[in-house]
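Numbering (our numbering), first residue to last: -4 to 210. All residues carry an ideal CB built from backbone N, CA and C; glycine is no exception.
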Amino acid sequence: MEFAKFVVLLENRLQKSLPGRSAQLKMSSLGRIQELMGFSPSEDVKQSSVLILFYPIGRKIYLVLMLRPEYPGVHGGQISLPGGKFEETDESLIYTALREAYEEIGINPMKVQIIGQLTEMYIPPSNFLVTPIVGYQSSQPQFVAEPKEVASMIEIQLDDLLDEKNRQMKRMKLSLGFSLMVPSYCIHGHIIWGATAMILSELKEIVGEFYHLPD
């Protein structure tokens, strides 16, 4: 599918009702499902947003993720979307996602066109309410990773995300010290799980309505 056509179809689809939590929970462990069903955002919840950025490389459609450095905390060493906490100086959650994407991986906000957003998701361990912002850039971005925030960049093809053979169960070590079998996207050696996988699960369900893998 041509990139321009993909963008138009995705933007139109994002204006309609979203699959929501049911799609997110397809990539959640049993424990995470129980946690989400029993928790709701507290009064002091921290608003945040992440950027799902599509762009073309040749005739293929890509999106960018990043590997967080190892650090003591809930999300250390995990693969995530660029993004972060809403600051009082931010004019909107879209601004937050673009600001964080610039600070973390050097994406130029002036080159990004925003076309919609996915269902917000509450993350109890960190008390973040995350809004996924969807945008595109008409050419491959020139990434500049911030070493304190990003251990490495991960560019994945949309085809690989949609390919069901890349959805696998993997044993992952949690921040509490024990391991758990979790649903993951395993793409070229990268294991995407947790909140990022849940966000991508809703994206995958939406895109799968109009985009089909080549034979």
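For the candidate residues 179, 1, 184, whose alpha-carbon lies nearest to that of residue 190? Translated into the one-based positions of the sequence shown, residue 190 becomes position 195. Nearest of 179, 1, 184 to residue 190, Cα basis: 179.
At which residues does the beta strand (DSSP E) containing residue 50 begin and terminate? Counting from one through the sequence shown, the residue named residue 50 turns up at place 55. Taken as a continuous stretch (DSSP letters only), the beta strand (DSSP E) holding residue 50 covers 41 to 52.
Range of the contiguous alpha helix (DSSP H) that encloses residue 234: The requested residue 234 does not occur in the structure, where the chain is confined to residues -4 to 210.
Alpha carbon to alpha carbon, what distance is there between residue 203 and residue 10? Here residue 10 is taken as the residue at index 15 of the sequence shown, counted from 1. Here residue 203 is taken as the residue at index 208 of the sequence shown, counted from 1. In a straight line, the C-alpha of residue 10 is about 16 Å away from that of residue 203.
Just reading off the beta strand (DSSP E) that residue 160 is part of, what are its end residues? As a first step, residue 160 is located in the sequence shown; it is residue number 165 there, counting from the start. Unbroken run through residue 160: none, as it is neither H nor E.
Alpha carbon to alpha carbon, how far is residue 128 from residue 199? Give it in angstroms, no decimals. The residue you call residue 199 lines up with position 204 of the sequence shown. The residue you call residue 128 lines up with position 133 of the sequence shown. Their Cα atoms are separated by approximately 15 Å.
C-alpha gap between residue 120 and residue 73, whole angstroms: In the sequence shown, residue 120 corresponds to position 125, counting from 1. In the sequence shown, residue 73 corresponds to position 78, counting from 1. Near 14 Å, if we compare the C-alpha coordinates of residue 73 and residue 120.
Name, in chain order, the residues that DSSP records as bridge partners for residue 130. Sequence index remark: in the sequence shown, residue 130 carries index 135 (1-based). Residue 130 pairs with 48, 109.
What whole-angstrom Cβ distance do residue 188 and residue 168 have, given they're in contact under 8 Å? Residue numbering aside, residue 188 sits at position 193 when the sequence shown is read from its first letter. Residue numbering aside, residue 168 sits at position 173 when the sequence shown is read from its first letter. That pair is no contact at about 11 Å.
Below 8 Å on the Cβ atoms is my guess for residue 145 versus residue 43; work out the distance and round it to an integer in Å. The residue given as residue 145 occupies position 150 in the sequence shown. The residue given as residue 43 occupies position 48 in the sequence shown. Wrong, their Cβ atoms sit about 17 Å apart, outside the cutoff.
So, with DSSP's three-state summary, where would you put residue 178? Along the sequence shown, one-based indexing puts residue 178 at 183. Three-state DSSP puts residue 178 in a strand.
Out of 185, 91, 141, which one is the CA nearest neighbour of residue 152? Within the sequence shown, residue 152 is the residue found at index 157, counting from 1. Proximity to residue 152 across 185, 91, 141 peaks at 185, based on C-alpha coordinates.
Are the beta-carbon atoms of residue 60 and residue 76 separated by less than 8 Å? In the sequence shown, the residue the question calls residue 60 occupies position 65. In the sequence shown, the residue the question calls residue 76 occupies position 81. Contact flag set, yes.
Measuring only the C-alpha atoms, how far is residue 104 from residue 93? Looking up residue 104 in the sequence shown gives position 109. Looking up residue 93 in the sequence shown gives position 98. Cα-Cα distance, rounded: 6 Å.
Applying the 10 Å Cβ sphere with the 16-neighbour rule, what's the burial state of residue 197? Here residue 197 refers to the residue found at position 202 when the sequence shown is read from its first residue. Buried, since its Cβ has 16 or more Cβ neighbours within 10 Å.
Go to residue 59, then tell me how far its beta strand (DSSP E) extends in each direction, as first and last residue. As a working mapping, residue 59 is identified with position 64 in the sequence shown. Note, residue 59: beta strand (DSSP E), 55 to 62.
For a test of the three-state rule: what should DSSP assign to residue 73, helix, strand or coil? As a position in the sequence shown, residue 73 is number 78, starting the count at 1. In the structure shown, residue 73 falls within a coil segment according to DSSP collapsed to helix, strand and coil.
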